[in-house]
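In terms of our numbering, the sequence shown opens at residue 303 and continues consecutively. Below is one structure, written out as structure tokens, with a few remarks after it.
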Amino acid sequence: MNKIFVICIFAMIANLCAENKYNVLMICVDDLRNSLGCYGNNDVISPNFDKLASESVAFDHHYVQVPTCGASRYALLTGL
303 MNKIFVICIF AMIANLCAEN KYNVLMICVD DLRNSLGCYG NNDVISPNFD
353 KLASESVAFD HHYVQVPTCG ASRYALLTGL
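Right under this line is the structure:
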């Protein structure tokens, strides 16, 4: 009886946690800079990125751990 009670409690907690999940999409592009229309570049036609940026959060200030792209990529992948 005690095991069934504990299993039911865990199932209810898991169900409550599952309802609060966020949709997260992280796009990492090497050396993109401001080369998209959503960042004000009128020479580049990027309707899909522009729509995605208008419906979500687009970051204007970027900081990296290392100024070279290879080491910065590894820092992002490893969390260092």
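Backbone N, C-alpha and C fix where the C-beta goes; we use that ideal spot for every residue, glycine too. Since we're looking at a predicted model, the values are computed, not measured.
Starting from the Cα of residue i, find the closest Cα among the options and give me that residue.
{"i": "E357", "options": "V368, V326, F312", "result": "V326"}
{"i": "M328", "options": "N336, G381, V368, A360", "result": "A360"}
{"i": "V366", "options": "C330, A313, F307, I306", "result": "C330"}
{"i": "G353", "options": "D345, Y341, D362, H364", "result": "Here residue 353 is Lys; the residue named in the question, Gly, does not match the sequence. It is Y341 whose Cα lies nearest to the Cα of K353."}
{"i": "C371", "options": "D333, S337, F351", "result": "D333"}
{"i": "H364", "options": "A355, N336, Y324, I309", "result": "N336"}
Can you name, in chain order, every residue of its own chain whose Cβ lies under 7 Å from the Cβ of residue i, other than the five neighbours on each side?
{"i": "L378", "result": "C330"}
{"i": "V368", "result": "S374, A377"}
Leaving out the 5 sequence neighbours to the left and right, which residues in its chain are closer than 6 Å to residue i when beta-carbon positions are compared?
{"i": "N317", "result": "none"}
Using a Cβ-Cβ cut-off of 8 Å (strictly less than) and excluding sequence neighbours within five positions of residue i, which residues of its own chain qualify?
{"i": "N344", "result": "none"}
{"i": "F351", "result": "L338, G339, C340"}
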